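Numbering (this note's numbering), first residue to last: 319 to 788. Built from N, CA and C at the ideal position, the CB exists for glycine as well. Nothing here was measured: the structure is a model prediction, and the numbers come from that model.
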Amino acid sequence: MSSSELQYIVELSGQQLLLVQNTEDDTTISERLRLLRDRAHAWFKFDLRSFKTISFPVEMCDERNVIIDGHFSLWDRNTDLAWIIPIVPKRSQQAFEREWSPGTLCPMRYSDDVFMDPAQNLIAVAYLAHDEIAYIDLRALDGDSVHPQAAGPSLILSGLPGHDGSRFATTRTELKGFGRHIALRRSLLVSHVETWASEMWQLQIWDWQHSTTSNSVLSGTARLGDFCFLGGNRLLVVTIDLKIYSIEDIFQTPQLLMCLESPERWLVKKCLLPMDDIERPKTQTQNKKSIHISDPKHRLLCVTTDANRVYIISTKIFFDLDGMTAATLIPWIVWGQSNTRIFQHPSECKIHVSGNRVLQAFPVGMHTRFPEFPKEYILHMMDFSPLAVTNRRGLGRVVKEPSTTDVTEYYGLHRRSLTTSLPYVEVVSDRRMQAIDLEDIWLDKDNIYMLNNVDSINDENFRRLEVIDV
319 MSSSELQYIV
329 ELSGQQLLLV
339 QNTEDDTTIS
349 ERLRLLRDRA
359 HAWFKFDLRS
369 FKTISFPVEM
379 CDERNVIIDG
389 HFSLWDRNTD
399 LAWIIPIVPK
409 RSQQAFEREW
419 SPGTLCPMRY
429 SDDVFMDPAQ
439 NLIAVAYLAH
449 DEIAYIDLRA
459 LDGDSVHPQA
469 AGPSLILSGL
479 PGHDGSRFAT
489 TRTELKGFGR
499 HIALRRSLLV
509 SHVETWASEM
519 WQLQIWDWQH
529 STTSNSVLSG
539 TARLGDFCFL
549 GGNRLLVVTI
559 DLKIYSIEDI
569 FQTPQLLMCL
579 ESPERWLVKK
589 CLLPMDDIER
599 PKTQTQNKKS
609 IHISDPKHRL
619 LCVTTDANRV
629 YIISTKIFFD
639 LDGMTAATLI
649 PWIVWGQSNT
659 RIFQHPSECK
669 IHVSGNRVLQ
679 AFPVGMHTRF
689 PEFPKEYILH
699 MMDFSPLAVT
709 NRRGLGRVVK
719 EPSTTDVTEY
729 YGLHRRSLTT
739 SLPYVEVVSD
749 RRMQAIDLED
759 IWLDKDNIYM
769 LNNVDSINDE
779 NFRRLEVIDV
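Next up, the structure:
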């Protein structure tokens, strides 16, 4: 093994990337090494004043905006309108630009959730029939036909385990997917004869390419904060605690692998763990230019809470099962401090993660007319990879020392301190943005995206998406 090859392997490991075997790429190892290091360094000098702008009609923006695989997609729950358009066409082998008008997504009057995956040419639409039976239609993005890789036109949801004689009503649905798996979460009100309704949740996972049915079902009464995929065969479910399940066999109940104590009695708003920079079986032979991809075992999970706290957690802890039994609750003091970093904000922040990078819009000041909102946002880019200190080349701020966050529980009756120490390098942008103008932010392996609020262009209302190429 040459010196360049050894350095290349060390660099990949330090940036927590995996090598993709690509016989069509003839770039030398030394050139790959240089590009890899330069690419990492570029993130420490990103320029928010250098961007291209894409304008959207105001009706194309809703709370369910998603940027995935170089596309901007949305679904408006109120009107049942859906869109997808390419914003970085070079990212995908195929660019999709479509609009679904109200009433065209499913046989019912309204759909209950929509999931799009441009990398697999997939749109999945969940809806409830009049008898509360849920279906998920599987179609191709480039047409209205059944997806060619789907096991059937629709996935069928199982009934609630142990509640055959109950009456129930769905209060919330959410679709997520990764590769061959699709998961549907339902929040329910369940009632028996002469009893008050109780809250429950149900989470079912399908292998949509091989079967329309599934026995891979979880349910419970404790509040389900959120869930996300941890690669192709694991699922994270966040309730009172964090539980990791194996979902390799969708014809049996998910197998509990690990249970981690939560750091506080939290009310989780969302979990962020985007997976579109991880190679999936469908795209392995399509993406000929890929040289390396993100390592699914070494990424960052972002958990946000109602108390405006942000937890950045290294996913490596979810794959370290040595000496652990699934039935044992692992205390926060054992797993949390070295694998986590907490950020406390005075008001709601904007945040997104990709691989080992975090983009946070820190709130600054107080709005004079709306005191519950900040006046401005300042963007902070953070790199948590082991080689971030080397690749910054003198830029940014290295944060290695532990930080302590005070949290209150039980309506302020109990206070505790949480110390976390996951190291990172931080770069702060010198551009300030009016908080009322910034709708959302995203980042992926190549770009930063900022969705701004309504503009007036030629007397018509538009919103702007700024795309910053790093």
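Who are residue 494's beta bridge partners in DSSP? The residue given as residue 494 occupies position 176 in the sequence shown. According to DSSP, which records beta bridges pairwise, residue 494 is partnered with 501.
Of the residues 472, 450, 469 and 496, the one placed nearest residue 486, counting alpha carbons only: For the purposes of this step, residue 486 is identified with residue 168 of the sequence shown, where counting begins at 1. It is 450.
Can you tell me whether DSSP reads residue 645 as helix, strand or coil? Against the sequence shown, residue 645 aligns to sequence position 327. DSSP places residue 645 in coil when its eight states are reduced to three.
Taking all protein chains shown into account, decide if residue 385 is buried (16 or more other Cβ within 10 angstroms of its Cβ) or exposed. Translated into positions along the sequence shown, residue 385 becomes position 67. By the neighbour-count rule (16 or more Cβ atoms within 10 Å), residue 385 is buried.
Pick helix, strand or coil for residue 376, following the three-state DSSP scheme. As a first step, residue 376 is located in the sequence shown; it is residue number 58 there, counting from the start. Helix at residue 376.
Buried or exposed: which applies to residue 616, given that a residue is buried once 16 or more other Cβ atoms fall within 10 Å of its Cβ? Position 298 of the sequence shown, counting from 1, holds the residue named residue 616. It counts as buried.
From residue 435 to residue 732, what distance separates their C-alpha atoms? Taking the sequence shown and counting its residues from 1, one reaches residue 435 at position 117. Taking the sequence shown and counting its residues from 1, one reaches residue 732 at position 414. Approximately 44 angstroms, taken between the alpha carbons.
Please return the same chain residues whose Cβ sits closer than 7 angstroms to the Cβ of residue 701, not counting the five positions on each side in sequence. As a first step, residue 701 is located in the sequence shown; it is residue number 383 there, counting from the start. Result list for residue 701: 361, 674, 675, 742 and 743, in chain order.
Around the Cβ of residue 339, are there at least 16 other Cβ atoms within 10 angstroms (buried) or fewer (exposed)? The sequence position of residue 339 within the sequence shown is 21, counting from 1. Looking at its Cβ environment, which holds fewer than 16 other Cβ atoms inside 10 Å, residue 339 is exposed.
Helix, strand or coil at residue 413 according to DSSP, with G and I counted as helix: As a first step, residue 413 is located in the sequence shown; it is residue number 95 there, counting from the start. Of the three classes helix, strand and coil, the one that applies to residue 413 here is coil, per DSSP.
Taking the straight line between their C-alpha atoms, what separation do you get for residue 484 and residue 571? Counted from its first residue, the sequence shown places residue 484 at position 166. Counted from its first residue, the sequence shown places residue 571 at position 253. Cα to Cα, the separation comes out at about 22 angstroms.
Find the nearest neighbour of residue 382 within the set 346, 529, 584 and 491, judged by alpha-carbon distance. Translated into the one-based positions of the sequence shown, residue 382 becomes position 64. Comparing Cα positions, the closest option is 491.
Any alpha helix (DSSP H) of 4 or more consecutive residues that is wholly inside the region 552-586: none
To the nearest angstrom, how far is the alpha carbon of residue 646 from that of residue 692? Residue mapping note: residue 646 aligns to position 328 of the sequence shown, counting from 1. Residue mapping note: residue 692 aligns to position 374 of the sequence shown, counting from 1. Answer to the nearest angstrom: the Cα atoms are 42 angstroms apart.
From the DSSP output, in three-state form, read off residue 362 for me. Taking the sequence shown and counting its residues from 1, one reaches residue 362 at position 44. The answer is helix: DSSP assigns residue 362 an H, G or I state.
Beta-carbon within less than 6 angstroms of residue 654's beta-carbon, same chain only, minus the 5 sequence neighbours each way: which residues are those? Here residue 654 is taken as the residue at index 336 of the sequence shown, counted from 1. Closer than 6 angstroms at the Cβ level, and outside the excluded window around residue 654, lie 581.
Beta-carbon separation (whole angstroms), residue 519 vs residue 537, contact threshold 8 angstroms: The residue given as residue 519 occupies position 201 in the sequence shown. The residue given as residue 537 occupies position 219 in the sequence shown. With 8 angstroms as the limit, residue 519 and residue 537 qualify as a contact, their Cβ atoms being about 6 angstroms apart.
So, using beta-carbon positions, are residue 715 and residue 671 closer together than 9 angstroms? By 1-based counting over the sequence shown, the position of residue 715 is 397. By 1-based counting over the sequence shown, the position of residue 671 is 353. Cβ atoms of residue 715 and residue 671: not closer than 9 angstroms.
Sort 326, 758 and 660 by Cα distance to residue 626 and report the nearest one. Taking the first residue of the sequence shown as position 1, residue 626 is located at position 308. If we check each option's Cα against that of residue 626, 660 comes out closest.
Can the beta-carbon of residue 387 be found less than 9 angstroms from the beta-carbon of residue 423? In the sequence shown, counting from the first residue as 1, residue 387 sits at position 69. In the sequence shown, counting from the first residue as 1, residue 423 sits at position 105. Not in contact: residue 387 and residue 423 (Cβ atoms no closer than 9 angstroms).
Note down, in chain order, each residue of its chain lying with its Cβ closer than 7 angstroms to the Cβ of residue 752, except the 5 sequence neighbours on either side. As a position in the sequence shown, residue 752 is number 434, starting the count at 1. Excluding positions up to five away in sequence, the list reads 694.
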